[in-house]
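Peer 1:
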Ligand SMILES: NC(=O)c1ccc[n+]([C@@H]2O[C@H](COP(=O)([O-])OP(=O)(O)OC[C@H]3O[C@@H](n4cnc5c(N)ncnc54)[C@H](OP(=O)(O)O)[C@@H]3O)[C@@H](O)[C@H]2O)c1
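Residue numbers (the UniProt record's numbering): 1 to 339.
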């Protein structure tokens, strides 16, 4: 995708989206495009110079123009001038950007009701630095490859779509499992939406910690994929009853649940927790397209159910609000691991 993104003092202030292709947060659905030079010939008559590189004077970006639970209604594609980076800014030419559930919630006005439209859409991307301010040049230079998320940047070894998937999706799973999961070798971990963008990372981190991993999904194809990434017991809930299977095969209960569906799945996870079990709330995707976007759970009985098992509900963990240093540390660790 031909896009660029201005980061001001480490924070995004401007984003653009142009023609081309888009990376997604699910590894299996990432589309890779052949690399392009920074100079876009269609704009060659209007460009400004940053240390010899040529940058188009205009670009396209997705702007949230009204709050709506329907993302397509909420956003509009706008053509705007490419901004000039200020002292602490990086101007990044996007190669891949991620669209996540958080974008839907943000453009529906749920995450931060104080933010009123118009505002830019998008929380993460990966690309090359094509312009930067003086202070920013202490840490970065033209041509550096960087990943950025809501509140920070981190150098990446190369511009690869799989590095993008480690931002919101990967870091959420990393932080949840490392910080909130207290995983112990041999424990049983259930990951809901296990073949999804963040679930697939949770499966792998739990497996890496020596746990027995159970994953929910809705097709045999996804169950097959889950096997390939180390899931011990994929459960296709469209062909077998999840609750019955859990009670029969895991009568001692689940030590950890990575839960991102909400509603009935949340209740079922609570009911199947082991003694001292930990339920980590990641999201509630089953209700995002309802008017409120907020799940109803059997909250009244929750304290007693947890008390009976010395169990706990942890999180929600949100990659958008954890401290940026925690995100950067998580990303650096993961990038080191795979590069
Ligand atoms: N807290 C954070 O910072 C953070 C970061 C990333 C993601 N999340 C949360 O994690 C969840 C998954 O996000 P993702 O990016 O991994 O999404 P994704 O790749 O689109 O995966 C979502 C999967 O959820 C399953 N699902 C089950 N019931 C559903 C329903 N009623 N509607 C839609 N999907 C349903 C589907 O898999 P099956 O059909 O196989 O069940 C679907 O493919 C969301 O709740 C999201 O908000 C949170």
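C-beta: ideal position from N, C-alpha, C; glycine also. Here the structure is a predicted model, which is why all the values come from computation and not from measurement.
(1) Can you give me the C-alpha to C-alpha distance between residue 292 and residue 272, rounded to a whole angstrom?
(2) Please go through the segment 256-298 and give each complete beta strand (DSSP E) segment of 3 or more residues, from N-terminal end onward.
(3) Quick one: is residue 221 buried, meaning 16 or more other Cβ sit within 10 Å of its Cβ, or exposed?
(4) Within 10 angstroms of the Cβ of residue 87, are there 16 or more other Cβ atoms? Answer buried if so, exposed if not.
(5) Would you identify the three-state DSSP class for residue 236, choosing helix, strand or coil?
(6) Hey, quick one: how far does the alpha helix (DSSP H) through residue 304 stretch, first residue to last?
(7) If you count every other CB in all the chains shown that lies within 10 Å of the CB of residue 219, and 16 or more means buried, which is it?
(8) What residue range does the alpha helix (DSSP H) around residue 175 cover?
(9) Counting only runs of 4+ residues fully inside the segment 95-164, write out the alpha helix (DSSP H) ranges in chain order.
(10) Assuming residue 107 and residue 67 make a contact with CB atoms under 8 Å, what is their CB distance in whole Å?
(11) Can you tell which of 105, 112 and 96 has the C-alpha that lies nearest to the C-alpha of residue 126?
(12) Is the closest heavy atom of ligand 3 to the C-beta of residue 216 under 7 Å?
(13) Check whether the Cβ atoms of residue 145 and residue 136 lie closer than 8 Å to each other.
(14) Would you kindly work out how many angstroms separate the C-alpha atoms of residue 333 and residue 266, rounded to a whole number?
(15) What do you reckon, are the CB atoms on residue 236 and residue 211 nearer than 8 Å?
(16) Do residue 338 and ligand 1 come close, with the Cβ less than 7 Å from some heavy atom?
(17) Here's a check: name, in chain order, each residue in its chain whose Cβ is nearer than 6 Å to the Cβ of residue 192, leaving out the five neighbours to either side.
(18) Taking Cβ positions, are residue 124 and residue 140 nearer each other than 8 Å?
(19) In chain order, what residues of the same chain lie with their CB nearer than 7 Å to the CB of residue 207, ignoring the 5 residues before and after it?
(20) Let's see if you can read the secondary structure: which residues bound the alpha helix (DSSP H) around residue 76?
(21) With DSSP as the reference, please indicate the residues paired to residue 216 in a beta bridge.
(22) Here's the rule: buried if 16 or more other CB atoms are within 10 angstroms of the residue's CB, otherwise exposed. What is residue 275?
(23) Nearer than 7 Å: is that true of the beta carbon of residue 147 relative to any heavy atom of ligand 1?
(24) What is the residue span of the beta strand (DSSP E) that residue 64 lies within?
(25) Sort 173, 224 and 182 by Cα distance to residue 203 and report the nearest one.
(26) Looking at the C-beta of residue 215, does it have a partner C-beta in chain C at a distance below 8 Å?
(27) Which residue from 297, 301, 98 and 253 puts its Cα closest to that of residue 188?
(28) Span of the beta strand (DSSP E) holding residue 320?
(29) On the criterion of 16 or more Cβ atoms from any shown chain inside 10 Å, does residue 240 qualify as buried, or is it exposed?
(30) If you measure between the beta carbons of residue 286 and residue 263, is that distance less than 8 Å?
(31) Closest to residue 153 by C-alpha separation, out of 328, 268, 185 and 225, would be which residue?
(32) Going by C-alpha to C-alpha distance, which of 232, 247, 322 and 179 sits closest to residue 279?
(33) If we count the other Cβ atoms within 10 Å of its Cβ and call it buried at 16 or more, is residue 181 buried or exposed?
(34) Thinking C-alpha only, which one of 60, 186 and 170 is nearest residue 196?
Peer 2: Concretely, from the data shown:
(1) Taking the first residue of the chain shown as position 1, residue 292 is located at position 292. Taking the first residue of the chain shown as position 1, residue 272 is located at position 272. Residue 292 and residue 272: Cα-Cα distance of roughly 27 Å.
(2) As summarised for the segment 256-298, the continuous beta strand (DSSP E) elements at least 3 residues long and confined to that stretch are 273-281, given in chain order.
(3) If you number the chain shown from 1, residue 221 lands on position 221. Residue 221 should be labelled exposed.
(4) Taking the first residue of the chain shown as position 1, residue 87 is located at position 87. By the 10 Å Cβ count, residue 87 comes out exposed.
(5) Along the chain shown, one-based indexing puts residue 236 at 236. If DSSP states are grouped into helix, strand and coil, residue 236 belongs with the strands.
(6) For this step, residue 304 is matched to residue 304 along the chain shown. 302-309 is the span of the alpha helix (DSSP H), which, as asked, contains residue 304.
(7) On the chain shown, residue 219 is found 219 positions in, with the first residue counted as 1. Flag for residue 219 reads exposed.
(8) In the chain shown, counting from the first residue as 1, residue 175 sits at position 175. Looking at the DSSP string, the run of the alpha helix (DSSP H) that includes residue 175 is 171-175.
(9) 101-107
(10) Position 107 of the chain shown, counted from the first residue, corresponds to residue 107. Position 67 of the chain shown, counted from the first residue, corresponds to residue 67. The C-beta distance from residue 107 to residue 67 rounds to 7 Å, short enough to fall under 8 Å.
(11) As a first step, residue 126 is located in the chain shown; it is residue number 126 there, counting from the start. Selected option, being the one with the closest Cα: 96.
(12) For the structure depicted, ligand 3 is absent and the ligand set comprises only ligand 1.
(13) Here residue 145 is taken as the residue at index 145 of the chain shown, counted from 1. Here residue 136 is taken as the residue at index 136 of the chain shown, counted from 1. No, they are not a contact pair.
(14) As a first step, residue 333 is located in the chain shown; it is residue number 333 there, counting from the start. As a first step, residue 266 is located in the chain shown; it is residue number 266 there, counting from the start. Near 30 Å, if we compare the C-alpha coordinates of residue 266 and residue 333.
(15) Within the chain shown, numbered from 1, the residue matching residue 236 stands at position 236. Within the chain shown, numbered from 1, the residue matching residue 211 stands at position 211. Going by C-beta atoms, residue 236 is not nearer than 8 Å to residue 211.
(16) As a working note, residue 338 is residue 338 in the chain shown. False, no ligand heavy atom lies under 7 Å from that Cβ.
(17) Indexing the chain shown from 1 puts residue 192 at position 192. If we look at residue 192 and ignore the five residues flanking it on each side, its Cβ neighbours are 216, 259, 260, 261 and 265.
(18) As a position in the chain shown, residue 124 is number 124, starting the count at 1. As a position in the chain shown, residue 140 is number 140, starting the count at 1. No, the pair does not count as a contact, with Cβ atoms beyond the cut-off.
(19) In the chain shown, residue 207 corresponds to position 207, counting from 1. Only 213 and 230 meet the Cβ criterion.
(20) Position 76 of the chain shown, counting from 1, holds the residue named residue 76. Per DSSP, residue 76 belongs to no alpha helix (DSSP H); it is in the beta strand (DSSP E), 75-81.
(21) Here residue 216 refers to the residue found at position 216 when the chain shown is read from its first residue. Answer is 235.
(22) Here residue 275 refers to the residue found at position 275 when the chain shown is read from its first residue. Residue 275 comes out exposed.
(23) What you label residue 147 is simply residue 147 of the chain shown in a count that begins at 1. False, no ligand heavy atom lies under 7 Å from that Cβ.
(24) As a working mapping, residue 64 is identified with position 64 in the chain shown. 58-64 is the span of the beta strand (DSSP E), which, as asked, contains residue 64.
(25) As a first step, residue 203 must be located in the chain shown, where it is residue number 203. The candidate whose alpha carbon is nearest that of residue 203 is 173.
(26) Although the question refers to chain C, the structure presented lacks it and comprises just one protein chain.
(27) Counted from its first residue, the chain shown places residue 188 at position 188. The option with the nearest alpha carbon to residue 188 is 253.
(28) One-based indexing of the chain shown puts residue 320 at position 320. Here residue 320 belongs to no beta strand (DSSP E), and DSSP marks it neither H nor E.
(29) Sequence index remark: in the chain shown, residue 240 carries index 240 (1-based). Classification of residue 240: exposed, given that the 10 Å Cβ count is below 16.
(30) Counting from 1 along the chain shown, the entry for residue 286 is found at position 286. Counting from 1 along the chain shown, the entry for residue 263 is found at position 263. It is a contact, given that the beta carbons lie within the stated cut-off.
(31) Numbered from 1 along the chain shown, position 153 holds the residue referred to as residue 153. For the residues 328, 268, 185 and 225, the minimum Cα distance to residue 153 belongs to 328.
(32) Mapped onto the chain shown, residue 279 falls at position 279. Selected option, being the one with the closest Cα: 179.
(33) Taking the chain shown and counting its residues from 1, one reaches residue 181 at position 181. Classification of residue 181: buried, given that the 10 Å Cβ count is 16 or more.
(34) As a first step, residue 196 must be located in the chain shown, where it is residue number 196. Of the candidates 60, 186 and 170, the one whose C-alpha sits nearest the C-alpha of residue 196 is 170.
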